[in-house]
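Asker:
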Amino acid sequence: MSIADVDGSVAATAAAVSAIIKKPPMKDKFLERPPFRFLHDVISGIIKAKNWQTDLYTDEERNAKGPAFAEKAGKCAFFEKIIGVVSKQLGVEVSAQPPKIIGGKECEETRKLLHYIALAAQGVTGGGADESKESKEESKEETKEESPAAAESKEETKEDSPAPAPAPAPAPAPAAGGGGGSAIDGDLATTQKMVSAVIKKPPMKEKLLNRPPFRFVHDVVTNVMAATNYRPNFFNADEMDPKSSHMEDKGNRVAYIKKIVDAVSQDLGIGSDYINPKAVLGGKEVEKTRMF
C-alpha cells in the first residue's frame with residue numbers, strides 16, 4: 448500500500464478500491480471511462496467505509512441525483528474538494544482536472560485519483576506510509592529500547608525534582624474556527640489591514656474592495672497562498688492563470704471560488720454557507736466577500 452503503486456491502470460485501481468468497498472463493483476467498463484455517478488458512488492463509499500473526511504461534503508453533495516449536481520460547476524466543485532484533501536494529505540500533485548473528469552477525458556488521471564483516495568482513506572500520508580501503523584511501531588521501538596537503568600534514572604529525577612508549578616489559566620477561546628480572536632466583520636478597513644499585512648500586490652484600494660472584481664479576488668487569493676505557502680499545488684495551472692480559456696468560463700470561475708471557500712472553511716472549522724460563490728462573481732454581498 449504505497450503511493451508508488453499508483454499508475455492509473457485499471458487493474459491497480461480496481462485492486463485498491465475493491466480492498467475497501469464492494470459496491471459499486473470495479474468493472475472494466477466503468478473504470479475505462481468512469482461516469483460521474485460511478486465516481487460519486489465510489490468516493491462516497493470509501494469515505495463511509497473508512498469513516499474518513501466525513502464532514503467534507505454537505506448533505507446535498509452526498510446525493511448524486513440532487514440539485515447540487517444539476518450544473519457542471521457543482522460537479523467540478525465536488526471533485527475539487529476531494530482533490531484538495533488528497534493532495535494535502537499525500538503530498539502529491541493530483542493531475543486530474545474536474546472538467547476533464549466530468550467529460551470522460553484523461554481517464555488514467557481519474558483512475559489515479561481514485562487510487563490516491565483509497566490510500567488516503569487508509570491513513571497513508573506524504574511519506575507513503577500508513578500513519579497509524581507507523582506511529583504504533585515507533586512507540587513500540589521506543590518502549591523496547593528503554594533500558595532498566597534509564598527507567599531507574601527517570602524515577603530518581605522524578606523524586607528529586609520540585610513539584611511542578613500550577614498550570615496557567617486557559618486562554619480565552621478564539622473566534623469561530625480558531626481564527627486567533629481577530630474580528631472578521633467584512634469591514635473595508637479591517638480587510639485592507641489584514642490582507643496588506645501579508646501581501647503588497649494587488650494594493651488594497653477602496654475602489655476594488657467596494658465591489659471586488661474576479662481578477663482582483665483571484666490575484667489576492669493567489670498571492671496570499673504563495674506568500675504563506677498555504678495549500679501548495681491546490682490549484683492546477685489553468686486555475687492559476689486568470690486569463691486562461693478555462694477561467695473565461697463563468698462556471699469554472701464559480702468552481703474556483705467555491706474550491707478555495709471550502710478549503711478555508713474546512714481549515715478554520717467554520718461553515719462555508721456564509722458566502723455564495725455566484726454572488727462573489729456577480730459583485731453582490733460584498734461585505735461577505737471581504738470577510739472571505
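So the sequence shown is residues 448 to 739, counted in our numbering. Ideal Cβ positions, reconstructed from N, Cα and C, are used throughout, including at glycine.
1) Is it right to say V645 is buried, meaning 16 or more other beta carbons lie within 10 angstroms of its own, or is it exposed?
2) May I have the straight-line CA-CA distance separating R737 from K522, to the nearest angstrom?
3) Using the three-state DSSP reduction, which class does V533 fall into: helix, strand or coil?
4) Applying the 10 Å Cβ sphere with the 16-neighbour rule, what's the burial state of D632?
5) Quick check on the burial criterion: 16 or more other C-beta atoms within 10 angstroms. Buried or exposed for D506?
6) Rounding to the nearest angstrom, what Cα-Cα distance links V571 and G513 in this structure?
7) Express the C-alpha separation of D634 and F477 in angstroms, rounding to a whole number.
8) DSSP state of V571, grouped into three classes?
9) Can you check which of these residues, L715, I717, D714 and G698, is closest to P724 by C-alpha distance?
10) Hey, quick one: how far does the alpha helix (DSSP H) through A458 stretch, first residue to last?
11) Looking only at its chain, what residues have a beta carbon closer than 6 Å to the beta carbon of K706, apart from the 5 residues adjacent to it on each side?
12) Where do the ends of the alpha helix (DSSP H) carrying K497 lie?
13) Quick one: residues in its chain with C-beta nearer than 8 Å to the C-beta of I450, no 5 flanking neighbours on either side, listed in chain order?
14) How is D632 classed by DSSP in three states: helix, strand or coil?
15) Would you call the stretch 659-666 in contact with the stretch 684-699, where contact means no fewer than 3 C-beta pairs closer than 8 Å?
16) Any beta-carbon of chain C closer than 8 Å to the one on V533?
17) Exposed or buried, what is S600 when buried is set at 16 or more other beta-carbons lying within 10 Å of its beta-carbon?
18) Return the CA-CA distance between L560 and D502, expressed in angstroms with no decimal places.
19) Once the 5 residues before and after Y721 are set aside, which same chain residues still bring their CB inside 6 Å of it?
20) Residues in its own chain within less than 7 Å of K535 by CB, not counting five upstream and five downstream?
21) Rounded to whole angstroms, what is the Cα-Cα separation between S456 and N657?
22) Would you grab the beta carbon distance between A702 and A520 for me? Rounded to a whole angstrom, and I think it's under 8 Å.
23) For Y677, which of helix, strand or coil comes out of DSSP?
24) Measuring CB to CB, does T557 end up less than 8 Å from A568?
Answerer: Inspection of the coordinates gives the following:
1) Under this definition V645 is an exposed residue.
2) 26 Å
3) helix
4) exposed
5) exposed
6) 31 Å
7) For F477 and D634, the gap between their C-alpha atoms comes out near 50 Å.
8) strand
9) G698
10) V457 to S465
11) E527
12) F483 to K497
13) L537, V539, Y563, L566, V571 and G575
14) It is coil, neither helix nor strand.
15) yes
16) The structure shown contains no chain C; it holds only a single protein chain.
17) Any reading at S600 must be qualified, since the residue scores a pLDDT of 42, below 50, and its modelled position is unreliable; no value is offered.
18) 20 Å
19) none
20) R678
21) 50 Å
22) 5 Å
23) coil
24) no
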